[in-house]
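Protein sequence lines correspond, in order, to chains A and B. Take -18 as the starting number for the first sequence in my numbering and just add one per residue. Take -18 as the starting number for the second sequence in my numbering and just add one per residue.
Protein chains: 2
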Amino acid sequence: MNIGEVAARSGLPAKTIRYYEEIGLITPLRDVNGYRAFRESDLHKLAFIARARALGFTIEDCRALLALYQDEHRESRDVKRLAQRHLDKIAEKIRTLESMRETLSELIEACAGDHRPDCPILKGLCEESGKAPGKGVA
Amino acid sequence: MNIGEVAARSGLPAKTIRYYEEIGLITPLRDVNGYRAFRESDLHKLAFIARARALGFTIEDCRALLALYQDEHRESRDVKRLAQRHLDKIAEKIRTLESMRETLSELIEACAGDHRPDCPILKGLCEESGKAPGKGVA
DNA sequence: CCTTGACCTTCCCGTAACTGGAAGCCCCAA
DNA sequence: TTGGGGCTTCCAGTTACGGGAAGGTCAAGG
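What follows is the structure, given as structure tokens:
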């Protein structure tokens, strides 16, 4: 399988697949002409990674998950811990974003949004100090 | 005012303030010794930016907001539009994250999390294809 | 007067996870 | 043989900074 087919079948851009090889997530073989020669197992791994990424796991998480996945003697406890930590981070991001949404929608609601220069949003950015949503969502 | 004081009073790290100067958000004067000499107006701008950042606005949004803020003839409509677009993005990120949270917590719930290798989380990453939360939260 | 330590300066590298683009092979079909 | 698409590598850029090195400056203490 060449990279184009793998890209089509995994849903990942070829660029991304090359990147995953570069950082050692996969190790496709090579044809004599230098083209990457993907096995079914490579495709399978890529699909695994794609789904993990879609759940928001970082690349390093994916690497760990992949290692666990391939380890016959893994303990599901380790997988669960990793996933739980990730879930916690997601929950915190949601909280941060909801705090932003709250503040922002109040400001927007208060703004006439017409041709006049008077604007509660800008005023809010000037004076407000009550709400501190934290460090952003990264 | 030197950068240390401005950092203390604005809550922004000195590094960040230098960065904001580098990208042209502020333009502090310079003392003869080469130290940045901040005016009250610089501090004010930095505080403005800090609050906008805390609401999740990008640096470029901040630049635009600052320009609107300093424009006597702005129309609040323009501010509101910018804020509304940002709010929409936030709402979408929240949706994405909630979808991830949902899927992830189902998988976690189903996982025994003990010493055995059997793990629904890994299985989910292998097979699942029903839920596609989109492009991540970026 | 000299030293010490806290500031300040610039400069460069690293982050996460790619994406875009350039320059150049390779392969197949007309 | 020529054209077009696919493949290769390498380099640069993205966002918003943070870390750290090398070195100038300033005020206080001995």
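The C-beta atom is built at its ideal place from N, Cα and C for all residues, glycine as well.
With residue i and residue j assumed to form a contact (beta carbons below 8 Å), what rounded beta-carbon distance in angstroms separates them?
i: A:Ile(-2); j: A:Ala(-11); result: With 8 Å as the limit, A:Ile(-2) and A:Ala(-11) do not qualify as a contact, their Cβ atoms being about 11 Å apart.
i: B:Leu10; j: A:Ala64; result: Contact flag wrong, Cβ pair sits at about 52 Å.
i: A:Ser57; j: B:Ala28; result: Not really, about 49 Å apart at Cβ, beyond 8 Å.
i: A:Leu106; j: B:Arg32; result: 5 Å
i: A:Gly136; j: B:Met81; result: Since the first residue of chain A shown is -18 and the last is 119, residue 136 of chain A is not available in this structure.
i: B:Cys60; j: B:Leu78; result: Contrary to the premise, residue 60 of chain B reads as Val rather than Cys in this sequence. Wrong, their Cβ atoms sit about 27 Å apart, outside the cutoff.
i: B:Ile75; j: A:Ile75; result: 6 Å
Could you give the residue range of the alpha helix (DSSP H) that holds residue i?
i: B:Pro101; result: Pro101 to Glu108
i: A:His96; result: A:His96 -> no alpha helix (DSSP H), and no H or E assigned at all.
i: A:Asp42; result: Ile40 to Gln51
i: A:Arg(-1); result: Ala(-5) to Glu3
i: A:Arg55; result: Unbroken run through A:Arg55: none, as it is neither H nor E.
i: B:Gly(-15); result: Ile(-16) to Ser(-9)
inquiry  = Tell me whether the stretch -4 to 7 of chain A and the stretch 35 to 50 of chain A touch, counting them as touching only if at least three CB pairs, one residue from each stretch, are closer than 8 Å.
reply    = With the cut-off at 8 Å, the stretch -4 to 7 of chain A and the stretch 35 to 50 of chain A touch.
ask   = Going along the chain, which unbroken runs of the beta strand (DSSP E) with 3 or more residues stay wholly within the stretch 5 to 32 of chain A?
value = Annotation: the stretch 5 to 32 of chain A contains no complete segment of the beta strand (DSSP E) (minimum length 3 residues).
query = When the Cβ atoms of the stretch 59 to 70 of chain A are set against those of the stretch 15 to 29 of chain B, are three or more pairs found closer than 8 Å?
reply = No: fewer than three Cβ pairs fall under 8 Å.
Given 8 Å, three or more beta-carbon pairs between the stretch 82 to 99 of chain A and the stretch 97 to 112 of chain B = With a cut-off of 8 Å, the stretch 97 to 112 of chain B and the stretch 82 to 99 of chain A do not count as touching, because too few Cβ pairs lie within range.
query = What residues from the stretch 73 to 96 of chain B come within 7 Å of chain A, judged by C-beta to C-beta, listed N to C?
reply = Near chain A, meaning a CB-to-CB distance below 7 Å, the residues of the stretch 73 to 96 of chain B are Lys74, Ile75, Leu78, Glu79, Met81, Arg82, Thr84, Leu85, Ser86, Leu88, Ile89, Cys92, Ala93, Gly94, Asp95 and His96.
inquiry  = Tell me which residues of the stretch -15 to 2 of chain B have at least one Cβ-Cβ distance to chain A shorter than 7 Å, keeping chain order.
reply    = Within the stretch -15 to 2 of chain B, no residue has its Cβ closer than 7 Å to any Cβ of chain A.
task = Please name the residues in the stretch 38 to 63 of chain A whose beta-carbon is closer than 7 Å to at least one beta-carbon of chain B, in chain order.
result = Listed in sequence order: Leu46, Leu49, Tyr50, Glu53, His54, Arg55, Glu56, Ser57, Arg58, Val60 and Lys61.
inquiry  = At a CB distance below 7 Å, what residues from the stretch 3 to 24 of chain B approach chain A? Give them in sequence order.
reply    = Of all residues in the stretch 3 to 24 of chain B, none has a Cβ within less than 7 Å of some Cβ in chain A.
task = Only counting runs of 4 or more residues, tell me where the alpha helix (DSSP H) segments fall wholly within the stretch 61 to 89 of chain B, in order along the chain.
result = As summarised for the stretch 61 to 89 of chain B, there are no continuous alpha helix (DSSP H) elements at least 4 residues long confined to that stretch.
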